[in-house]
Amino acid sequence: MSGDPLDATERDVVVVGAGAAGMSAAYAAARAGCTVTIIDANPVAGGQYHRRRIDAATYRPRGCDDEAVWRRIHIESATTVYAVEIIDHGTQRIFGVRTRGDDRHRRDVDLVRARRLIIATGAYDRPLPVPGWDLPGVMTGGGAQALIKGSGVLPGNRVVVAGTGPFLLAVAQAILEAGGSVAAVVEANDPVALRRHRSALTNVGKAGELARFITSLTRHRVPYLRRHRVTRVHGDTTVTGVTLARVDASWHATPGTDRFIEADTLTLGYGFTAQTDLPAQLGCTLQVSADEGLAVTVDDDQATSVTGVYAAGESTGVGGVDLAGIEGLLAGAAVARSLDHPSPLRDEPALRRSRDRMRAFADALATAFPLRSGWRDDLEDDTVVCRCEEVPAGRIRNAITELGAHDARTVKLLTRAGMGWCQGRVCSLAVDRLCPRSATLDGQARAATRPVAIPVPLGAVADINLQSRRES
Ligand SMILES: Cc1cc2nc3c(=O)[nH]c(=O)nc-3n(C[C@H](O)[C@H](O)[C@H](O)COP(=O)(O)OP(=O)(O)OC[C@H]3O[C@@H](n4cnc5c(N)ncnc54)[C@H](O)[C@@H]3O)c2cc1C
Numbered sequence: 004m005s006g007d008p009l010d011a012t013e014r015d016v017v018v019v020g021a022g023a024a025g026m027s028a029a030y031a032a033a034r035a036g037c038t039v040t041i042i043d044a045n046p047v048a049g050g051q052y053h054r055r056r057i058d059a060a061t062y063r064p065r066g067c068d069d070e071a072v073w074r075r076i077h078i079e080s081a082t083t084v085y086a087v088e089i090i091d092h093g094t095q096r097i098f099g100v101r102t103r104g105d106d107r108h109r110r111d112v113d114l115v116r117a118r119r120l121i122i123a124t125g126a127y128d129r130p131l132p133v134p135g136w137d138l139p140g141v142m143t144g145g146g147a148q149a150l151i152k153g154s155g156v157l158p159g160n161r162v163v164v165a166g167t168g169p170f171l172l173a174v175a176q177a178i179l180e181a182g183g184s185v186a187a188v189v190e191a192n193d194p195v196a197l198r199r200h201r202s203a204l205t206n207v208g209k210a211g212e213l214a215r216f217i218t219s220l221t222r223h224r225v226p227y228l229r230r231h232r233v234t235r236v237h238g239d240t241t242v243t244g245v246t247l248a249r250v251d252a253s254w255h256a257t258p259g260t261d262r263f264i265e266a267d268t269l270t271l272g273y274g275f276t277a278q279t280d281l282p283a284q285l286g287c288t289l290q291v292s293a294d295e296g297l298a299v300t301v302d303d304d305q306a307t308s309v310t311g312v313y314a315a316g317e318s319t320g321v322g323g324v325d326l327a328g329i330e331g332l333l334a335g336a337a338v339a340r341s342l343d344h345p346s347p348l349r350d351e352p353a354l355r356r357s358r359d360r361m362r363a364f365a366d367a368l369a370t371a372f373p374l375r376s377g378w379r380d381d382l383e384d385d386t387v388v389c390r391c392e393e394v395p396a397g398r399i400r401n402a403i404t405e406l407g408a409h410d411a412r413t414v415k416l417l418t419r420a421g422m423g424w425c426q427g428r429v430c431s432l433a434v435d436r437l438c439p440r441s442a443t444l445d446g447q448a449r450a451a452t453r454p455v456a457i458p459v460p461l462g463a464v465a466d467i468n469l470q471s472r473r474e475s
């Protein structure tokens with residue numbers, strides 16, 4: 004190997020994530036003159052919001068339309084980054100990005116080197132457990148959307164959309180537009196709180212979108228039940244219906260308000276959790292954001308606390324697709340400047356102002372749709388909380404009350420809740436909220452620490468490490 008640890012085939016910048024944030028970041032950095040590779044787990048670029056079928060037109064973020072720039076960007080799709088590390092701490096800091104091919108190519112591991120890293124890994128759904136949620140036919144709102152957007156498949160024939168937040172409306176709208184039937188939208192909070200943010204909604208251009216969703220529900224005669232929660236899912240081998248109850252401000256069910264709704268599908272979603280595993284591996288500072296979940300801390304340039312690592316989009320806190328795109332542009336421009344290229348952006352101060360306005364609105368929205376604790380009343384001892392390892396609520400309660408566990412990580416070590424295929428992405432919110440020390444930075448960060456983000460065959464990792472040693 005030469006004295007320069009970064010040879011010509013390697014990149015100035017690796018961007019992890021090809022959603023609105025990652026694609027915008029890559030475009031800005033490449034436009035300024037950087038060599039850029041984007042790595043994304045999905046088969047096609049677009050992320051969650053712009054998810055599309057494999058044969059659809061290629062996704063381009065708004066304003067990023069110079070195809071000559073895109074031709075200079077290398078996109079590695081269907082490839083997951085399972086670990087990131089600093090492999091050269093010298094004056095020229097070099098990052099190692101370890102990747103694995105998708106489930107058909109699990110032995111395809113690789114090591115990509117880069118001078119700068121932009122993390123734009125987005126977020127994932129926050130479901131909460133309810134008796135019967137392990138039946139086939141229960142899925143997250145994002146899962147239902149992914150079926151529709153990515154494969155053109157409806158999640159079911161008659162769907163109840165439940166949880167909290169404006170995303171419920173987006174899920175219902177997607178089902179209706181695809182020709183499906185929505186039995187009810189069940190919102191645990193009272194969106195009347197949104198009235199206080201009416202002018203902010205208009206300022207960030209969201210009022211029209213909200214009005215469209217509401218009109219669509221009205222036209223299709225879909226009941227929008229505020230201050231209601233699904234308290235039980237029914238069915239033997241698959242979902243046949245759900246019980247709903249009216250809830251108070253803490254989400255405790257009001258006795259005598261139960262009602263049954265027939266449905267073959269239930270989608271659950273109580274907001275989103277930012278994907279923070281890669282920045283956590285590098286030791287980037289994390290914070291608890293307005294929605295009480297973890298997020299990567301960034302400065303005005305989208306730089307994290309680790310030199311050379313930037314973050315944009317939902318990984319820095321859930322805030323919507325437009326905010327993600329702007330943060331991406333700013334991150335790409337900042338990275339370019341740090342590598343002595345001029346900023347490719349015409350009006351950075353205006354973009355920064357838009358970003359700050361949208362971020363403030365996202366924080367206000369999070370407080371209008373908070374996560375309350377009444378859902379815990381529904382859990383019976385045999386309600387499964389960790390679906391991968393089949394750990395019921397009773398075993399988790401026992402770990403807390405009898406064995407003295409205080410946080411989700413200790414519960415995980417005592418019960419295996421969070422040790423399965425999804426590595427706690429589905430259950431760790433619930434486990435954390437069942438613990439005495441819940442919603443703390445320390446407790447959540449400990450539970451979300453994943454030295455290897457997805458399962459990788461040991462033999463494949465051993466092979467690549469052997470190969471790198473032979474090369475050096
Ligand atoms: C499930 C879900 C559904 C949503 N639906 C809507 C909606 O209908 N309307 C709306 O306004 N907003 C929606 N949002 C919010 C919206 O998706 C975001 O505002 C926007 O997509 C954020 O863009 P992003 O680039 O930050 O992240 P994303 O669009 O989520 O993109 C992140 C990308 O990173 C990739 N990735 C993550 N980890 C890795 C890894 N380790 N290795 C490689 N690739 C990785 C993912 O495959 C993904 O393509 C949704 C969010 C989620 C989580």
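End of the sequence shown sits at 475 in my numbering; the numbers just go up one at a time, nothing left out.
No residue lacks a Cβ here, since even glycine has one placed at the ideal position from N, Cα and C.
Residues of its chain near residue i, where Cβ-Cβ distance is below 6 Å and the 5 sequence neighbours each way are ignored
i: D15; result: C37, T38, R118 and L342
i: P8; result: Unreliable positioning characterises P8 in this predicted model, as indicated by a pLDDT of 49, which lies under 50. The coordinate reading is nonetheless provided below. If we look at P8 and ignore the five residues flanking it on each side, its Cβ neighbours are D91 and I97.
i: A33; result: V39, V72, R75 and I76
i: N160; result: D267
i: A334; result: A28, I121, Q305, Y313 and A315
i: A21; result: I41, D43 and A48
i: V223; result: Correcting the residue identity first, residue 223 is His in this sequence and not Val. If we look at H223 and ignore the five residues flanking it on each side, its Cβ neighbours are L179.
i: T246; result: T234, R235, D261 and F263
8 Å CB neighbourhood of residue i in its chain, flanking five on each side removed
i: M361; result: V207, G322, G323, D325, L326 and I329
CB of residue i within 7 Å of CB of residue j, strictly
i: A442; j: E351; result: no
i: Y30; j: V72; result: yes
i: Q278; j: T143; result: no
i: W378; j: L131; result: yes
i: P139; j: T40; result: no
i: S27; j: L437; result: no
i: A173; j: R232; result: no
i: G49; j: R55; result: yes
i: L285; j: V87; result: yes
i: I399; j: V387; result: no
i: V141; j: V236; result: yes
i: Y273; j: G166; result: yes
i: A175; j: V185; result: yes
i: S308; j: C287; result: yes
i: A411; j: D435; result: yes
i: A81; j: P46; result: yes
Close Cβ partners of residue i (< 7 Å) along its chain, the five nearest in sequence each way excluded
i: Q426; result: R453
i: D193; result: R229 and R230
i: E393; result: V387
i: V250; result: A191, R230, H231, R232, A256, T257 and G377
i: L417; result: A402, L406 and A408
i: R340; result: S346
Buried/exposed call for residue i, threshold 16 Cβ in 10 Å
i: S154; result: exposed
i: F275; result: buried
i: A484; result: Since the first residue shown for the chain is 4 and the last is 475, residue 484 is missing from the structure and cannot be characterised.
i: R195; result: The sequence as given places Val at residue 195; Arg does not occur at that position. Its Cβ having fewer than 16 others within 10 Å, V195 is exposed.
i: R103; result: buried
i: F372; result: buried
i: L383; result: The residue asked about is misnamed: residue 383 is Glu in this sequence, not Leu. Exposed is the call here.
i: E70; result: exposed
i: S376; result: exposed
i: L406; result: exposed
i: A451; result: buried
i: R101; result: buried
i: G145; result: buried
i: A298; result: buried
i: P395; result: buried
i: R440; result: exposed
i: F364; result: buried
i: F263; result: exposed
i: T404; result: exposed
i: P282; result: buried
Whole-number beta carbon distance between residue j and residue i, since they are thought to touch under 8 Å
i: V338; j: Y313; result: 6 Å
i: L269; j: V156; result: Not confirmed; about 17 Å, so no contact.
i: G238; j: G135; result: 7 Å
i: D366; j: A293; result: 4 Å
i: V133; j: T243; result: Actually they are not in contact, since the Cβ atoms of V133 and T243 sit about 15 Å apart, beyond 8 Å.
i: V227; j: R428; result: The amino acid occupying residue 227 in the given sequence is Tyr; Val does not appear at that position. Their Cβ separation, rounded to whole angstroms, is 29 Å, which puts Y227 and R428 out of contact at 8 Å.
Residue i: CB within 6 Å of a non-hydrogen atom of ligand 2
i: Q51; result: Ligand 2 is not part of this structure, which contains only ligand 1.
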